[in-house]
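Since the structure comes first, as structure tokens, the remarks are kept for the end.
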């Protein structure tokens, strides 16, 4: 691995002609909470607000004769490739799903300018990837994988090079988000066994854990795309070859709704804007307990490309995870005063966030969809006890994902 370490250092040095090292900042708020030094490696402050331009830079500098660079991505990888196409003066063709939000398309075009062409193909990423690879085969283009490429892995390892330089040595514990494994395998290969690691995935895309359990990369049956920067259906072959011995105990899967709590806290308390994948490492701190007490811990905040149109969804998910917001389908007696009686059950900290009442004249009861917010999750105990005593029948649909998609 000594050759890899030297190559990663050379890559990091070469990057200084393009962009400065991202900051490594001690966070007092998190350090006090967890009784250790929590340092944030702020990849969300790179020129494209993620670490992805590192791998793109390194892969492209090693292929100076490639006529065209091609990638398939709807997010950070596309922006990193676009940025580097403009820097190197190279032509790039970026394939994106037809369903890609316009904001992401515009940002990618802004970074690449006239050096790139965006092709919208396929409703799903697998279709987009196939189209990109077919294009490469037909034109002789160089395909830039977002993670499963040795040059990309080496480029992402520049994060570790900078951490070592900025700390004056190695941290005690590194917390890394995992999608396809490019960043995590690169950092692991650089620091080796001298550092304790925690690898964090979104629960709806835990492809590393699945691979560790079977001893080989495996395609997940379903992927929750909420944390889209790390929602990968199968870890890379090359990346897993470097990660296969990390141990299942060091690979965590965190709930997407809990990520939302962390995102809101970092925004409201620290003024740090993180995308869901970018919050993975910080979110995992709460799972590590006494194992990090008194230690130097580095969390890599991998990205900050957050569309603020998603903020209401993030708040909604956070409230539901904390038990501060619930949805019920209530059978309301169709008699005068029934609604007023029901409203009197609410406490001073309860607020109705959603109310839909379908009255049917031929029935004795009507169905009500009601959403309630409160300031303390225990307030729901008193509220539901009053409903029971009064004989109101209800169904809690807060955790019913199928039903929630249609009515919430």
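In the working numbering, the protein residues as written are 1 to 408.
Even glycine gets a Cβ: it sits at the ideal position worked out from N, Cα and C.
Output the residue ranges of the alpha helix (DSSP H) runs that lie fully inside the segment 334 to 377 and measure 4 residues or longer, sorted by chain position.
Listed in chain order, they are 338 to 343.
Hey, out of 77, 76, 71 and 116, whose CA is closest to residue 88's CA?
Nearest neighbour of residue 88 by Cα position, chosen from 77, 76, 71 and 116, turns out to be 116.
Residue from 99, 33, 13 and 230 whose Cα sits closest to the Cα of residue 58
Ranking the options by Cα distance to residue 58, first place goes to 13.
Three or more C-beta pairs under 8 Å: does that hold for the segment 328 to 339 against the segment 99 to 115?
They do not touch, by the three-pair rule.
Are the Cβ atoms of residue 124 and residue 97 separated by less than 8 Å?
Yes, the Cβ-Cβ distance between residue 124 and residue 97 is below 8 Å.
Which whole-angstrom value describes the C-beta separation of residue 273 and residue 240, a residue pair presumed to lie in contact below a C-beta threshold of 8 Å?
A Cβ-Cβ separation of about 31 Å leaves residue 273 out of contact with residue 240 under the 8 Å criterion.
Closest to residue 206 by CA distance: which of 349, 94, 255 and 86 is it?
When only C-alpha atoms are compared, the closest one is 255.
Take residue 342 as the anchor and find which of 368, 317, 326 and 70 has the nearest alpha-carbon.
When each option's Cα is compared against that of residue 342, the closest is 368.
Considering only their Cβ atoms, is the gap separating residue 302 from residue 278 smaller than 8 Å?
Contact flag set, yes.
Taking its Cβ as the centre, do 16 or more other Cβ atoms sit within 10 Å of residue 269, making it buried, or is it exposed?
It is exposed - the Cβ of residue 269 has fewer than 16 other Cβ atoms within 10 Å.
Span of the alpha helix (DSSP H) around residue 380
DSSP places residue 380 inside the alpha helix (DSSP H), whose first and last residues are 379 to 390.
Whether residue 141 touches residue 68 by CB criterion (8 Å):
Taking a C-beta distance under 8 Å as the contact criterion, residue 141 and residue 68 qualify as a contact pair.
Kindly identify the DSSP beta-bridge partner or partners of residue 25.
As a beta-bridge residue in DSSP terms, residue 25 pairs with 40.
Stretch-stretch touch, CB-based, cutoff 8 Å, three pairs: the segment 192 to 199 with the segment 221 to 231
The segment 192 to 199, when compared against the segment 221 to 231, does not touch it at the 8 Å Cβ threshold.
In the DSSP assignment, find the beta strand (DSSP E) that holds residue 174 and state where it starts and stops.
From DSSP, the beta strand (DSSP E) with residue 174 extends over 173 to 177.
Residues that residue 296 bridges to, as DSSP identifies them:
Paired residue(s): 37.
Bridge partner(s) assigned by DSSP for residue 116
DSSP lists 92 as partners of residue 116.
Please tell me whether residue 208 and residue 243 are closer than 8 Å, where the distance is taken between their beta carbons.
Going by C-beta atoms, residue 208 is nearer than 8 Å to residue 243.
Tell me the DSSP secondary structure of residue 331 in three-state form.
Annotated three-state conformation of residue 331 is strand, per DSSP.
Member of 365, 281, 393 and 263 whose CA lies at the smallest distance from the CA of residue 317
The candidate whose alpha carbon is nearest that of residue 317 is 263.
Return the first residue and the last residue of the beta strand (DSSP E) that residue 196 is part of.
Under the DSSP assignment, residue 196 falls in the beta strand (DSSP E) whose first and last residues are 196 to 202.
Whole-angstrom distance between residue 351 and residue 162, CA atom to CA atom
Taking the straight line joining both Cα atoms gives about 48 Å.
Which of helix, strand or coil does DSSP assign to residue 395?
Correct three-state label for residue 395: strand.
Just curious, the alpha helix (DSSP H) that residue 288 is in, first and last residue?
Judged by DSSP secondary structure, residue 288 falls within the alpha helix (DSSP H) whose first and last residues are 285 to 288.
State the CB to CB distance for the pair residue 252 and residue 227, rounded to an integer number of angstroms; the pair is presumed to be in contact (CB under 8 Å).
13 Å between Cβ atoms; not a contact.
Extent of the continuous alpha helix (DSSP H) to which residue 243 belongs:
Where residue 243 is concerned, the enclosing alpha helix (DSSP H) stretches over 237 to 243.
Assign residue 2 to buried or exposed, taking buried as 16 or more other Cβ atoms, counted over all protein chains shown, within 10 Å of its Cβ.
Exposed, by the Cβ-count rule.
Does residue 66 have its Cβ less than 8 Å from a Cβ in chain C?
Among the chains in the structure shown there is no chain C, since it carries only a single protein chain.
Would residue 171 be called buried (16 or more neighbouring beta carbons within 10 Å of its own) or exposed?
Within 10 angstroms of the beta-carbon of residue 171 lie 16 or more other beta-carbons, which makes it buried.
Residue 61 versus residue 237: straight-line alpha-carbon distance, rounded
Computed Cα separation, rounded: 23 Å.
Nearest-angstrom Cα separation, counted from residue 309 out to residue 188:
About 35 Å.
Which runs of the beta strand (DSSP E), 3 residues or longer, sit entirely within the segment 118 to 173?
The segment 118 to 173 contains no whole beta strand (DSSP E) run of 3 or more residues.
Bridge partner(s) assigned by DSSP for residue 69:
DSSP links residue 69 through a beta bridge to 92 and 142.
Hey, how far is the Cα of residue 122 from the Cα of residue 231?
Using only the alpha carbons, I get a separation of about 18 Å.
Given this structure, state the Cα-to-Cα distance separating residue 319 from residue 356, to the nearest angstrom.
When rounded, the distance between both Cα atoms is 20 Å.
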